[in-house]
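2 protein chains.
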Amino acid sequence: MRFTTQRRLDDGVLERDFLLGDVPGILWTTESASAPAPLILLGHPGGLRAMYPRLVTRARSCVAEGFAAATVELPGCGDRPRSATADEARADLRRAVRAGEPVDEIVDRLVLPLVDAAVPEWRGALDALLALPDIGGPVGYAGGVMAIGVRLAVVEPRISAALLFAGSFVPRSMVEEARRVSIPLLVLLQWDDEDNDRQMALDLFDAFGTRQKTLHANTGGHTGVPAFEGESGNRFFARHLT
Amino acid sequence: MRFTTQRRLDDGVLERDFLLGDVPGILWTTESASAPAPLILLGHPGGLRAMYPRLVTRARSCVAEGFAAATVELPGCGDRPRSATADEARADLRRAVRAGEPVDEIVDRLVLPLVDAAVPEWRGALDALLALPDIGGPVGYAGGVMAIGVRLAVVEPRISAALLFAGSFVPRSMVEEARRVSIPLLVLLQWDDEDNDRQMALDLFDAFGTRQKTLHANTGGHTGVPAFEGESGNRFFARHLT
Chain A
1 MRFTTQRRLD
11 DGVLERDFLL
21 GDVPGILWTT
31 ESASAPAPLI
41 LLGHPGGLRA
51 MYPRLVTRAR
61 SCVAEGFAAA
71 TVELPGCGDR
81 PRSATADEAR
91 ADLRRAVRAG
101 EPVDEIVDRL
111 VLPLVDAAVP
121 EWRGALDALL
131 ALPDIGGPVG
141 YAGGVMAIGV
151 RLAVVEPRIS
161 AALLFAGSFV
171 PRSMVEEARR
181 VSIPLLVLLQ
191 WDDEDNDRQM
201 ALDLFDAFGT
211 RQKTLHANTG
221 GHTGVPAFEG
231 ESGNRFFARH
241 LT
Chain B
243 MRFTTQRRLD
253 DGVLERDFLL
263 GDVPGILWTT
273 ESASAPAPLI
283 LLGHPGGLRA
293 MYPRLVTRAR
303 SCVAEGFAAA
313 TVELPGCGDR
323 PRSATADEAR
333 ADLRRAVRAG
343 EPVDEIVDRL
353 VLPLVDAAVP
363 EWRGALDALL
373 ALPDIGGPVG
383 YAGGVMAIGV
393 RLAVVEPRIS
403 AALLFAGSFV
413 PRSMVEEARR
423 VSIPLLVLLQ
433 WDDEDNDRQM
443 ALDLFDAFGT
453 RQKTLHANTG
463 GHTGVPAFEG
473 ESGNRFFARH
483 LT
């Protein structure tokens, strides 16, 4: 893990860009830590530069509550080498959703390889981040891509709680995977999300095997998550990570 | 409105029993109010005596957050004269649910007359409560019976926000009524509620016409609402009533 630049944000938050091999990431910590902080991994749909305004808002709110926050770029996104097959699947999905056509096959083609490629990278980032002196544990995962969060919740024992944003399609085969999730979950669903299948999200919520799961559904589209859900997520992690 | 007894609870909460005609009720206020408090009406399934432990817990939490709280007995429940037809419908519903038989006709027979009888009484209680010097406004409704909350949200303009507990059957005809609800709503759903129809609750949530609606679904049965939903309800009312 190699830090490339660092900035001091005006609320005492230290923001550091890093490279892990060729995977870029960002780490946010407080400048005034007295003890190693629990860590929240911030998930996103890919494209750190475009997602930065939303990510830094969430990161600042995490740091204000005593957590460290970190994220890494997804394979084939942002400044990383594109994948022609993923780009094609993404375009196919957009077309199919607009035309109201079935998407299952396209979702499998797009999301399963993404999950298979991204999850080991997030786990590698976790190794490197937990080796830093200012980061302790436990660890939470918060955000999208839904399917990445599901896989991480199943395979990564260092993740103790997850806030999953049901804002992306999940391959139907992963419903079985969801049954094996046993950590506390908070699932955010935008009720009128134009980029998602509401019934699929509800089926997935039903499938999660954990005994502690909560669904927060709010009116509005994909990007309309109400501000109060930020505080609500922090309280969820405070209950389970501190 | 006639106060019959009053008790000082140990956390500075004043609990007063009252009669409004022959309808018993309870009012909880702080002993140290400096200004008239916004009011939260606490809904319940009927039977104040049996419900008292849960109601007083919720009331204390409301008062601690600066609200007054009040409730009234439902028609045909607790110490009020029984209704033979309601008792019969209640027994029929229990049998039908246990046998997995359709319940729509029984729900209509049980819930519609209850809503028609109860809602004017809650509105009468509101008249009397808002005339007291220590209660101001605005007003929220919190709890069950779901159908009573829906009707109140539609017909009672003094209610500014409602937290509805989706723990009871709602007549299908009331879905149309739900479309007319325009106040902010927080709907609590116990995902594994043995006394309720989950799909019906989700359909009703979908139908609500208000632009500000949130669903909180949690694992567990009818009486298993997690303690953190109490704080969450208080924050909802703080956003909309203060």
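Chains as they are written, first to last, in the working numbering: chain A, 1 to 242; chain B, 243 to 484. By construction, the Cβ of each residue, glycine as well, lies at the ideal position given by its N, Cα and C atoms.
Per-residue contacts from residue i into chain A (C-beta, under 9 angstroms)
i	result
Arg481 of chain B	Phe228
8 angstroms Cβ cutoff, residue i in contact with chain A
i	result
Gln432 of chain B	no
Ala459 of chain B	yes
Minimum Cβ-Cβ distance from residue i to chain B less than 8 angstroms
i	result
Arg211 of chain A	yes
Thr315 of chain A	Residue 315 of chain A is absent from the model: chain A starts at 1 and stops at 242.
Unbroken alpha helix (DSSP H) run spanning residue i, endpoints
i	result
Ile390 of chain B	388-397
Asn234 of chain A	228-241
Asp334 of chain B	326-341
Asp116 of chain A	104-130
Pro295 of chain B	290-306
Ala275 of chain B	It is not in any alpha helix (DSSP H) - Ala275 of chain B carries neither H nor E in the DSSP assignment.
Val417 of chain B	416-420
Element boundaries [beta strand (DSSP E), containing residue i]
i	result
Thr272 of chain B	265-272
Pro138 of chain A	135-143
Leu9 of chain A	Premise fails: Leu9 of chain A is in no beta strand (DSSP E) and is neither H nor E.
Leu41 of chain A	37-42
Ser402 of chain B	401-407
Ala69 of chain A	68-72
Neighbouring residues, chain B, relative to residue i (Cβ below 7 angstroms)
i	result
Leu41 of chain A	Near Leu41 of chain A there are no residues of chain B at all, since even the closest Cβ is about 23 angstroms away, more than 7 angstroms.
Chain-ordered chain A contacts of residue i [CB-CB under 8 angstroms]
i	result
Leu495 of chain B	Limits of chain B in this structure are 243 at one end and 484 at the other, which puts residue 495 of chain B out of reach.
Same chain only: Cβ atoms within 6 angstroms of residue i, ignoring 5 sequence neighbours per side
i	result
Thr271 of chain B	Leu256, Ala310, Asp376
Gly382 of chain B	Ile282, Ala403, Phe479, Leu483
Thr456 of chain B	Leu428
Met146 of chain A	Leu164, Ala166, Ser168, Val170
Cys62 of chain A	Ile40, Ala69
Asp87 of chain A	none
Thr247 of chain B	Asp259
Ser325 of chain B	Gly318
Met293 of chain B	His286
Cβ neighbours of residue i in the same chain (closer than 7 angstroms, five flanking residues each side left out)
i	result
Ala89 of chain A	Ile106, Arg109, Leu110
Ser424 of chain B	Gly451, Thr452
Gln190 of chain A	Gly167, Asn218, Gly220, Gly221, His222, Gly224, Val225
Gly254 of chain B	Thr272, Glu273, Ser274
Val154 of chain A	Glu177, Arg180, Val181
Arg172 of chain A	Asp104
Asp434 of chain B	Thr461, Gly462, Gly463
Contacts around residue i, its chain only, beta-carbon distance under 8 angstroms, and the 5 residues preceding and following it disregarded
i	result
Leu55 of chain A	Ile26, Leu42, His44, Leu48, Thr71
Thr327 of chain B	Arg351, Pro355
Pro344 of chain B	Ala338
Arg400 of chain B	Leu368, Leu372, Gly379, Pro380, Val381
C-beta neighbour in chain D for residue i, strict 8 angstroms
i	result
Leu356 of chain B	The displayed structure is made up of protein chains A and B, and chain D is not among them.
| request: Please go through the region 180-228 of chain A and give each complete alpha helix (DSSP H) segment of 4 or more residues, from N-terminal end onward. | output: Those alpha helix (DSSP H) runs which fall completely within the region 180-228 of chain A and span 4+ residues are 198-207.
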